[in-house]
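The numbering of the sequence shown is full-length UniProt numbering, which starts it at 1 and goes up by one. I have placed the structure first, in the form of structure tokens, so that the comments after it can refer back to it.
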Amino acid sequence: MHDSIAIITPQSNENSQYQEHSQPVPSNIAQNNEPGSQQQSLSGNDKSYFLGDSSSLSYIVEMICSPRGGVSEPVKVHYPIPASIADRAIIPTRPQVEPLRVQDALTMPPKEISDRLVYTFFEIIHPPYPVLDRRAFSELYRQGKASPMLLHAMFLVTFILCDEGLIQAAGFSDRTAARKHHYLRAKTLYDVDHETDRNVLTAAIFLLGFWWNGPDDQKDSWFWLGCATSCAQSLGMYRSTVASRLSPEKRALRKRIWWSIYTRDRHTAACLGKPCRIRDEDCDIEPLTEEDFYFDDDHNDPLITRQEEHHTALAIEMAKAAEILGDIVIAEYSPRRPDLEQYKPDRLKQRLEQWEAQLPKCMQRAQLDETLGPAFWATQLHMAYQNYYILLFRPKAIEDLTPSEAEGDIWARRAADSITRMTEDLLAVGAMSKSQMHIVPAVFGALSIHTLVICRKDPIRRQLAGNKSRQCILALSELAKHWPVGLWIMRFFGNLMRRLTGQGSAVSAGSIVDVTSRIANCNRNEDSTLTEVSRVTSQTLAENGGPFTDATNAQVAGAVMETNDLFQQPADQFSFDNFWAEDTIDVDLLLQHGLCPLLPGNFGTFPPMSDPQGF
């Protein structure tokens, strides 16, 4: 068996009024979960961490750290993990996976809290992913008959983006505890097949696809999105509804659910570097239209925000763009890339341009304000759109590009600059905290391009790219307060940059010492401007973030401060020719030691002689 679980992250302390209850695990299950049996099953040497081709982490590692002189082909995707790390990282945190009692899973928050969560869900989550019948849900909710599994899934996602005040009012210590509370309850009801309405079940599982607790999670976003895809396919949602005997309302709902799943399938595949699960050749479902959204438009309920024209346009255009994204992923990152016209870069670029040209006015770029109006949602759409250009054109070499590669490089840098400007706009109006999950890979994609430019010989562009990188890190720091994967990316990138800038230290046998890297060398002979920009960035973070009120925010603060410092290290002048000739970095070692800071504090680089927890 191939083991790809390599690292484990600290878990939030769930000090809330809600206490987790557990029941004894059946003996036949407990036997399989004995530490000895786990160690036996994972005792092989084939432990690795998977970085898929389209992943920005994979791109940075291959472009900047590889010994091939800044050439990303062929891509290496499996990186060995030393046994000292992997063997200790596989120990499960058992209280997280013990099942709840069904009675506990059926318990809901007080009505006042539930009402606020429902309102926030339809305000922030439902516009891009309209998986519910607003009227039917409202009627059932008012009668106290709404699906418990659906409610928990809704609350899970809502707690990701809601205001801090709602978290405190609900009695949770932090955002992580709130998410986990409702995730465990939704999962429990899923495990016992509590929900019988297949449309509701599919929608609820789709919402569970926003759960992400750490890179060691088995049931993460990718897992739940796969479950939602399978459930939707079993209902035939991918097939045409023209001859269906379902009511127009049901047909519209199924189309909205399917295209929401489709969009997330493309986004997640591109982000994680995994293949798209949904094949276009299997589907003949009609595209979304405005008529699919207005069956419940006349329903007036103060708990459910009004469905505006820009909400409808957002969902429609996201689905259209996702079709192009799927072809980009296949064309650029599939191991067996089909030699078809539709997958040619020029054709894909043309399709992106045509998509942008036909956008309705409400989805065109506009000046942001402090509301969640058309400009906010248009920005969310355009950040995804620009990231598609990065995925299509990001360079496969640092220097010595061919004419066609140089043209693509320009498009990738333009897209990265555009994303960076939009992050600045979102931060300026305080709207980054409401941004959707797909903004995280978009910002990281821009950061990967800026990092590449830092490695080049042009000192002016290197300095500008450093400034832009800090802007992206600031944006990621804000996103990380809401989307846990953002914090993980920041930590991984921070450690990566620390090694690349020559700040890695010998902390264990076989570690990288005095790492020679592109960034470490390119940062030499820079002036003090970078120091001042870093100081201003740190000050801006403190002003925008305010006092860090929980453990997550404190972790974000530390990560962003450390990462910003990595772009300002003075060093001696160097010879590019000599450097290209002897690039000594070892990618495997880099990733091995890059994993260490992601382990819980009691893991340490050196395994302790004796562990009081019996690990």
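Think of the CB as a built atom: it goes at the ideal place given N, C-alpha and C, for glycine as much as any other residue.
Exercise for the section: Let me know the alpha helix (DSSP H) ranges lying completely inside the region 214-282, each 4 residues or longer, listed in chain order. Expected result: Every alpha helix (DSSP H) stretch that sits fully inside the region 214-282 and reaches 4 residues is listed by chain position as 221-234 and 248-272.
Exercise for the section: Please report how far the alpha carbon of residue 307 lies from the alpha carbon of residue 316, in whole angstroms. Expected result: Here residue 307 is taken as the residue at index 307 of the sequence shown, counted from 1. Here residue 316 is taken as the residue at index 316 of the sequence shown, counted from 1. C-alpha separation (whole angstroms): 14 Å.
Problem - C-beta contact flag for residue 128 and residue 314 at 7 Å - result: The residue labelled residue 128 in the question sits at position 128 within the sequence shown. The residue labelled residue 314 in the question sits at position 314 within the sequence shown. Result yes, Cβ atoms of residue 128 and residue 314 sit closer than 7 Å.
Practice task
Output the distance between the C-alpha atoms of residue 185 and residue 104, rounded to the nearest integer angstrom.
Solution key: As a first step, residue 185 must be located in the sequence shown, where it is residue number 185. As a first step, residue 104 must be located in the sequence shown, where it is residue number 104. C-alpha separation (whole angstroms): 8 Å.
Problem - Pairwise C-alpha distance: residue 468 and residue 407 - result: For this step, residue 407 is matched to residue 407 along the sequence shown. For this step, residue 468 is matched to residue 468 along the sequence shown. In a straight line, the C-alpha of residue 407 is about 21 Å away from that of residue 468.
Problem - Cα-Cα separation, residue 424 to residue 471 - result: Start at 1 with the first residue of the sequence shown, and residue 424 comes out as number 424. Start at 1 with the first residue of the sequence shown, and residue 471 comes out as number 471. Straight-line Cα distance between these residues: approximately 7 Å.
Exercise for the section: Would you mind working out which of 404, 403 and 383 sits nearest residue 445, comparing C-alpha positions? Expected result: The residue labelled residue 445 in the question sits at position 445 within the sequence shown. Checking every option, the nearest Cα to that of residue 445 belongs to 383.
Practice task
Could you have a look at residue 416 and say whether DSSP puts it in helix, strand or coil?
Solution key: Mapped onto the sequence shown, residue 416 falls at position 416. Helix at residue 416.
Practice task
Express the C-alpha separation of residue 102 and residue 362 in angstroms, rounding to a whole number.
Solution key: Here residue 362 corresponds to residue number 362 of the sequence shown, with the count starting at 1. Here residue 102 corresponds to residue number 102 of the sequence shown, with the count starting at 1. So the alpha carbons of these two residues sit roughly 45 Å apart.
Exercise for the section: With a threshold of 16 other CB atoms inside 10 Å of the CB of residue 477, please say whether the residue is buried or exposed. Expected result: Mapped onto the sequence shown, residue 477 falls at position 477. Buried is the call here.
Exercise for the section: Look at the Cβ atom of residue 117, then the Cβ atom of residue 176, and state whether they are nearer than 7 Å. Expected result: Sequence index remark: in the sequence shown, residue 117 carries index 117 (1-based). Sequence index remark: in the sequence shown, residue 176 carries index 176 (1-based). No, they are not a contact pair.
Practice task
Check whether the Cβ of residue 116 sits closer than 6 Å to any heavy atom of the ligand SAH, and report yes or no.
Solution key: For the structure depicted, the ligand SAH is absent and the ligand set is empty, with no information on it obtainable.
Problem - Separation of residue 479 from residue 487, as counted between CA atoms - result: Here residue 487 refers to the residue found at position 487 of the sequence shown. Here residue 479 refers to the residue found at position 479 of the sequence shown. The straight-line gap from Cα to Cα measures roughly 8 Å.
Exercise for the section: Leaving out five residues on either side along the sequence, give the residues of the same chain with a beta carbon under 8 Å from the beta carbon of residue 372. Expected result: Sequence index remark: in the sequence shown, residue 372 carries index 372 (1-based). If we look at residue 372 and ignore the five residues flanking it on each side, its Cβ neighbours are 123, 124, 431 and 434.
Problem - Residue nearest to residue 262 in terms of C-alpha spacing, selected from 274, 280, 251 and 208 - result: Walking along the sequence shown from the start, residue 262 turns up at place 262. Comparing Cα positions, the closest option is 280.
Problem - Nearest-angstrom Cα separation, counted from residue 332 out to residue 402 - result: Stepping through the sequence shown from its first residue, residue 402 is reached at position 402. Stepping through the sequence shown from its first residue, residue 332 is reached at position 332. Rounded to the nearest whole angstrom, the C-alpha separation of residue 402 and residue 332 is 17 Å.
Exercise for the section: Taking only the alpha-carbon atoms, compute the straight-line gap between residue 273 and residue 55 and give it to the nearest angstrom. Expected result: Start at 1 with the first residue of the sequence shown, and residue 273 comes out as number 273. Start at 1 with the first residue of the sequence shown, and residue 55 comes out as number 55. Rounded to the nearest whole angstrom, the C-alpha separation of residue 273 and residue 55 is 5 Å.
Handout entry: Which of helix, strand or coil DSSP assigns to residue 170
Key = The residue labelled residue 170 in the question sits at position 170 within the sequence shown. Correct three-state label for residue 170: coil.
Exercise for the section: In the DSSP assignment, find the alpha helix (DSSP H) that holds residue 390 and state where it starts and stops. Expected result: Indexing the sequence shown from 1 puts residue 390 at position 390. Segment 374-393, the alpha helix (DSSP H) holding residue 390.
Handout entry: Rounded separation between residue 586 and residue 439 - CA only
Key = On the sequence shown, residue 586 is found 586 positions in, with the first residue counted as 1. On the sequence shown, residue 439 is found 439 positions in, with the first residue counted as 1. Below a pLDDT of 50, predicted positions are generally treated as unreliable, and residue 586, at 38, falls in that range; no measurement from the model is reported.
Problem - Beta-carbon contacts of residue 393 that lie in its chain and below 6 Å, excluding the five residues immediately before and after - result: For this step, residue 393 is matched to residue 393 along the sequence shown. Once the five neighbours on either side are set aside, the close Cβ partners of residue 393 are 408, 411 and 412.
Exercise for the section: Pull up the CB-CB distance for residue 210 and residue 252, whole angstroms please, since I reckon it's below 8 Å. Expected result: Residue 210 sits at position 210 when you count from the first residue of the sequence shown. Residue 252 sits at position 252 when you count from the first residue of the sequence shown. By a beta-carbon distance limit of 8 Å, residue 210 does not contact residue 252. Their separation comes to about 23 Å.
Practice task
Please state whether DSSP places residue 153 in a helix, a strand or coil.
Solution key: One-based indexing of the sequence shown puts residue 153 at position 153. Note: residue 153 maps to helix in three-state DSSP.
Handout entry: Nearest neighbour of residue 191, chosen from 199, 180, 181 and 205 [CA to CA]
Key = As a first step, residue 191 must be located in the sequence shown, where it is residue number 191. Residue 205 is the option with its Cα nearest to residue 191.
Exercise for the section: Whole angstroms is fine: what's the gap from residue 143's alpha carbon to residue 473's? Expected result: By 1-based counting over the sequence shown, the position of residue 143 is 143. By 1-based counting over the sequence shown, the position of residue 473 is 473. Cα-Cα distance, rounded: 46 Å.
Problem - CB of residue 304 within 7 Å of CB of residue 238, strictly - result: Locating residue 304 in the sequence shown gives position 304, counting from the first residue. Locating residue 238 in the sequence shown gives position 238, counting from the first residue. At a Cβ-Cβ threshold of 7 Å, residue 304 and residue 238 do not count as neighbours.
Exercise for the section: Let me know if residue 150 comes out buried or exposed under the rule of 16 or more other beta-carbons within 10 Å of its beta-carbon. Expected result: Your numbering for residue 150 matches position 150 in the sequence shown. Flag for residue 150 reads buried.
Problem - residue 464 in three-state terms, based on DSSP - result: Reading the sequence shown from its first residue, position 464 is the one you call residue 464. If DSSP states are grouped into helix, strand and coil, residue 464 belongs with the helices.
Handout entry: residue 484, DSSP secondary structure in three states
Key = Along the sequence shown, read from residue 1 onward, the residue named residue 484 stands at position 484. Residue 484 falls in the helix class under three-state DSSP.
Practice task
Kindly indicate which residue of 57, 222 and 483 has the alpha-carbon position closest to the one of residue 493.
Solution key: On the sequence shown, residue 493 is found 493 positions in, with the first residue counted as 1. Nearest option by C-alpha distance: 57.
Handout entry: residue 453: first and last residue of the uninterrupted alpha helix (DSSP H) it sits in
Key = Against the sequence shown, residue 453 aligns to sequence position 453. 439-454 is the extent of the alpha helix (DSSP H) around residue 453.
Practice task
Would you mind sorting residue 387 into buried or exposed? The rule is 16 or more other CB atoms within 10 Å of its CB.
Solution key: Your numbering for residue 387 matches position 387 in the sequence shown. Buried, since its Cβ has 16 or more Cβ neighbours within 10 Å.
Exercise for the section: Drop a sphere of 10 angstroms on the beta-carbon of residue 475, count the other beta-carbons inside from all chains shown, and report buried for 16 or more, exposed for fewer. Expected result: Counting from one through the sequence shown, the residue named residue 475 turns up at place 475. Result: buried.
Practice task
Label residue 112 either buried or exposed according to how many other C-beta atoms from any shown protein chain fall within 10 Å of its C-beta, with 16 as the threshold for buried.
Solution key: Translated into positions along the sequence shown, residue 112 becomes position 112. Exposed is the call here.
Handout entry: Host alpha helix (DSSP H) of residue 318 (start-end)
Key = Residue numbering aside, residue 318 sits at position 318 when the sequence shown is read from its first letter. Taken as a continuous stretch (DSSP letters only), the alpha helix (DSSP H) holding residue 318 covers 309-333.
Practice task
Pull up the CB-CB distance for residue 355 and residue 324, whole angstroms please, since I reckon it's below 8 Å.
Solution key: Numbered from its first residue, the sequence shown carries residue 355 at position 355. Numbered from its first residue, the sequence shown carries residue 324 at position 324. Right, the Cβ-Cβ distance comes to about 6 Å (below 8 Å), so this counts as a contact.
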